[in-house]
Amino acid sequence: MAAVFPLRGVVRPYAWGSRTSIAELQGRPSPSETPEAELWLGAHPGDPSTVTGPDGPVSLATLIEDDPKGQLGADVVDEFGARLPYLMKVLAAAAPLSLQAHPDADYAKRAYAAQEADPEAPRNYTDAHHKPEMLVALTPFDALCGFRAPDVSAALLADLNIPRLAPVVAALRAGPAGLRDAVRALLTWPAADRPALIDEVVAAARSAVPATRGHELAIDLAGHYPGDPGVLVALLLNHVRLAPGEAIWMPAGNLHAYLRGTGIEIMAASDNVLRGGLTPKRVDVEELLRVLRFEVLDDPILPATEVAPGVRTWQVPVREFALYRMTLTPTTPPLRLPGTGPRIVLGTRGDVFVAEAIDGTPAEVVPGTAAYVPAQTGPATVAGVGEIFVACPAT
1 MAAVFPLRGV VRPYAWGSRT SIAELQGRPS PSETPEAELW LGAHPGDPST
51 VTGPDGPVSL ATLIEDDPKG QLGADVVDEF GARLPYLMKV LAAAAPLSLQ
101 AHPDADYAKR AYAAQEADPE APRNYTDAHH KPEMLVALTP FDALCGFRAP
151 DVSAALLADL NIPRLAPVVA ALRAGPAGLR DAVRALLTWP AADRPALIDE
201 VVAAARSAVP ATRGHELAID LAGHYPGDPG VLVALLLNHV RLAPGEAIWM
251 PAGNLHAYLR GTGIEIMAAS DNVLRGGLTP KRVDVEELLR VLRFEVLDDP
301 ILPATEVAPG VRTWQVPVRE FALYRMTLTP TTPPLRLPGT GPRIVLGTRG
351 DVFVAEAIDG TPAEVVPGTA AYVPAQTGPA TVAGVGEIFV ACPAT
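As structure tokens, then:
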């Protein structure tokens, strides 16, 4: 039966998560007992969502497995196989996440195959897929995204007046061609000397007059990750402060980290992450250097495009996903849901109805709740007053 299903996501309790953001979005008691970092909405095997079907609750992954063409559409199955190609999240960061990057599709496929063929190889990859991702801010959101102009980074490090950083400064002054050498030097810094180096950086940043955002960032990150060379690598990146509704795009090879705030994240359904610091987890420097793209990103903020009254999207060059934000006012007539194929509708404000649910009535979507629209349902409409985000394949 073609229908719209209420969908329940899974909250992941990573240590960097907020105790208030997701709880307040969903109208639950706040603060929560444990940090709540991500609300997963999708069919990723790590934590698939649950839909309310004709026979009661069922995993979205199971629903798709039992009828892939009906749920996903023949075109999606032909291109991506019998799996939902995207994962949607509400991400709520109360503390900085690790510096990280993701491989492109060809490299992920080759690297995963090589890893699986060699039991002694480092286990860097969990699957054979790439993981491009985009984040749209729901609240003011701080992030690091892409390399900034190397001369700007060189000036900041030089102002710290730490002689042993001179080779890193010299590499940066060589321009983009020196970025790889600068990153390698920092990530391979002798482990025994890292705590003293970062302490020296923090002392210099605290005494800087005038203090800059870079100085403040170094002090903040070192407080969370003392002795971590990622504190210095972070100073080579664009520090972005997003207003609600603004977005950043993280393609393959883009070094990035989320610092604080709540946003809607959408990505290709993969868990392939290569870390570059600001983490107690293993950092495979050589593999990260193979994946990173040492290019200057002049403008990290991705502009929105209005595709219809009250409907905005952010154009990204991938086929696994597209994301739309719909704003409905008291005078907005019922609107057709954008996109085709399997769609997930997440409420962030107000009270919106997606027609029609499994019992023939519209599925109600309020903040922090969601609905799933299978491909076989075809066109669907939304009505009400509020704000929703719609995820779907871009095909």
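Heads up: the sequence shown runs through residues 1 to 395, numbered per full-length UniProt numbering.
Glycine included, C-beta positions come from ideal geometry on N, C-alpha and C.
Quick caveat: nothing in here was measured; it's all calculated off a predicted structure.
Same chain, Cβ closer than 7 Å to residue i, neighbours up to 5 away in sequence not counted
{"i": "residue 362", "result": "353, 354, 355, 356"}
{"i": "residue 391", "result": "86, 88, 266, 321, 323, 343, 344"}
{"i": "residue 195", "result": "226, 227"}
{"i": "residue 176", "result": "150, 294, 295, 296"}
Reduced DSSP secondary structure (H/G/I, E/B, other) of residue i
{"i": "residue 115", "result": "helix"}
{"i": "residue 25", "result": "helix"}
{"i": "residue 125", "result": "coil"}
{"i": "residue 131", "result": "coil"}
{"i": "residue 89", "result": "strand"}
{"i": "residue 372", "result": "strand"}
{"i": "residue 294", "result": "coil"}
{"i": "residue 18", "result": "strand"}
Cβ-Cβ distance between residue i and residue j below 9 Å
{"i": "residue 348", "j": "residue 287", "result": "no"}
{"i": "residue 304", "j": "residue 247", "result": "yes"}
{"i": "residue 337", "j": "residue 365", "result": "no"}
{"i": "residue 105", "j": "residue 252", "result": "yes"}
{"i": "residue 197", "j": "residue 218", "result": "no"}
{"i": "residue 123", "j": "residue 151", "result": "no"}
{"i": "residue 302", "j": "residue 384", "result": "no"}
Residue i, buried or exposed, once every other Cβ within 10 Å from all chains shown has been counted against 16
{"i": "residue 137", "result": "buried"}
{"i": "residue 220", "result": "buried"}
{"i": "residue 281", "result": "exposed"}
{"i": "residue 100", "result": "buried"}
{"i": "residue 188", "result": "exposed"}
{"i": "residue 43", "result": "buried"}
{"i": "residue 243", "result": "exposed"}
{"i": "residue 26", "result": "buried"}
{"i": "residue 46", "result": "exposed"}
{"i": "residue 224", "result": "exposed"}
{"i": "residue 34", "result": "exposed"}
Within-9 Å CB hit, residue i to chain D
{"i": "residue 277", "result": "Protein chains in the displayed structure number just one, and chain D is not present."}
Proximal residues to residue i (C-beta, below 6 Å), its chain only, five neighbours per side dropped
{"i": "residue 208", "result": "215"}
{"i": "residue 38", "result": "12, 89, 91"}
{"i": "residue 10", "result": "40, 47"}
Cβ-based neighbour list, residue i, same chain, cut-off 8 Å, excluding 5 preceding and 5 following
{"i": "residue 256", "result": "99, 100, 101, 143, 144, 145, 146, 237, 248, 250"}
{"i": "residue 65", "result": "82"}
{"i": "residue 1", "result": "Because residue 1 sits at a pLDDT of 47, beneath the cut-off of 50, its placement in the model cannot be relied upon, and the following sentence gives the value as read from the coordinates. If we look at residue 1 and ignore the five residues flanking it on each side, its Cβ neighbours are 54, 358."}
Quiz prompt | Three or more C-beta pairs below 8 Å linking the stretch 69-80 and the stretch 47-56 | solution = no
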